[in-house]
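A short write-up of the structure that comes next.
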Amino acid sequence: MKKNFLLLLVITLIAAALRFYQLGAMPVSLNWDEVSHGYNAYSIITTLKDEWGVMLPSIFRAYGDYKLPVYIYLTTIPVALLGLTPLAIRFVSALAGVLAIPGIYLISRQIFGKKSLKVGEHELPLAIISAFLLTVTPWHFFISRPALEANLALTLVIYGVYFLLKGREKSSSFIPASILLGLSIHTYNSERVFVPLFVVLFLLANLKKIKIEKNTLISGAIFSFFALIVVYQVLTGVGTARYQKLKILTDNAVYQIGEARIKSSLPQPLAKVIHNRPVYFGTTVLKNYLSYFSPSFIYQISGVQDQFAIRIKNLFTLPICLIFLFGIFYLFKAGDFNKLKSILIWLALAPLPA
203 MKKNFLLLLV ITLIAAALRF YQLGAMPVSL NWDEVSHGYN AYSIITTLKD
253 EWGVMLPSIF RAYGDYKLPV YIYLTTIPVA LLGLTPLAIR FVSALAGVLA
303 IPGIYLISRQ IFGKKSLKVG EHELPLAIIS AFLLTVTPWH FFISRPALEA
353 NLALTLVIYG VYFLLKGREK SSSFIPASIL LGLSIHTYNS ERVFVPLFVV
403 LFLLANLKKI KIEKNTLISG AIFSFFALIV VYQVLTGVGT ARYQKLKILT
453 DNAVYQIGEA RIKSSLPQPL AKVIHNRPVY FGTTVLKNYL SYFSPSFIYQ
503 ISGVQDQFAI RIKNLFTLPI CLIFLFGIFY LFKAGDFNKL KSILIWLALA
553 PLPA
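When you read off a place in the sequence shown, starting at 1, and then add 202, the result is the number in our numbering.
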């Protein structure tokens, strides 16, 4: 354990060096989201109000895209200490990227235990290998340097899932899991879809191992509190601003459905069965969902915004795909389907928010 701790410490320090080196200068310029994070954090520090004059909001109007609050409130700390600088604005994301390294180690310990892989004459624990791979993985290095809510949310989910897995043995671990996962749904919009679904499926997959007791009930109450705030925001409309811009059933889509029904050569009753809102919505969701597993998306040939990628550079890479497939094969071969379930649930749910 001492050797593992020292290895993990060295790997984490390497991760910190990679993620903090010239953080204020590279990327070369703040993007519009980073500017918004910084200005709102500065406004909270100086006036306790956001840029629109709202006192300590639970959701930030920003540019009309209604940003979630956790990243901005955390950014008030480095902005207060370092001033309103690119380094201060990106600090939380870089720190989250560093903390993800011991987080992935802990998850890997839960999944693989003390299992090792022989590399030359040395036995390296799979958990250590996982931590090292995440440290040098291009996509994780890349998203840890700009101020990205998605990166902070990922780290919260990593630790939240770790404590969920641990909760099967010790119910008190469900309490930090509920806090971390609850915070994640107030960090990035995708987690508002992913996290509740993951928690429900995790509970269903582990019903026999989870006992209804004091710690479980407290955890449920904590997570419900975070979820109820989301419900309130959805009902008042501020929580659906992003959805309204990107939803599938727009007025234009509804018009196209009607036009396709009229122009259809099929009899009208059958045309109504094929050309309608539920069918259009379902087929579009399925097509979009499958596109996230296509080579063109995985290798960033299509569908990636410029501020989240490097042009003509693939951040995912073939070796990462091969390592992933090796890990799945390893768990199948070991016959540990219970642990494999959590990974496959995570993978299956990941594209759903988009």
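By construction, the Cβ of each residue, glycine as well, lies at the ideal position given by its N, Cα and C atoms. Quick caveat: nothing in here was measured; it's all calculated off a predicted structure.
If you check the CB distance, THR418 and PHE365 do not come in under 7 Å.
Counting only unbroken stretches of 4 or more residues, the alpha helix (DSSP H) elements lying wholly within the stretch 374–405 are 376–386, in sequence order. Under the three-state reduction of DSSP, GLU236 is assigned to helix. In the structure shown, ILE309 falls within a helical segment according to DSSP collapsed to helix, strand and coil. Contact annotation, MET228 with ARG347: C-beta distance approximately 7 Å; criterion of less than 8 Å satisfied. Within the DSSP secondary-structure output, GLU325 pairs in a beta bridge with LYS320.
A residue is called buried when at least 16 other Cβ atoms come within 10 angstroms of its Cβ; LEU533 meets this threshold and is buried.
Taking 7 Å as the cut-off, the Cβ atoms of THR389 and ALA349 do not count as close.
The beta carbons of LYS205 and SER238 sit about 45 Å from each other, so the pair does not count as a contact at 8 Å.
Pairing GLN224 with ASN242, the inter-Cα distance amounts to about 24 Å. Between the stretch 297–316 and the stretch 210–218, the count of C-beta pairs closer than 8 Å reaches three or more; the two stretches touch.
By the beta-carbon neighbour count (other beta carbons within 10 angstroms, threshold 16), GLU351 is buried. Going by DSSP, ASN353 is part of the alpha helix (DSSP H) stretching over 351–369.
Nearest in C-alpha terms to GLY305, of all of PRO259, ILE313 and TYR361, is TYR361. Around the C-beta of LYS368, 16 or more other C-beta atoms lie within 10 Å, and the residue is accordingly described as buried. Put simply, the stretch 254–270 does not touch the stretch 313–326. Fewer than three CB pairs are less than 8 Å apart. Here the C-alpha atom of ILE291 lies approximately 29 Å from the C-alpha atom of TYR434.
Here ILE512 is bridged, per DSSP, to LYS515. About 6 Å separates the CB atoms of LEU319 and LEU328; that is less than 8 Å, so the two are in contact.
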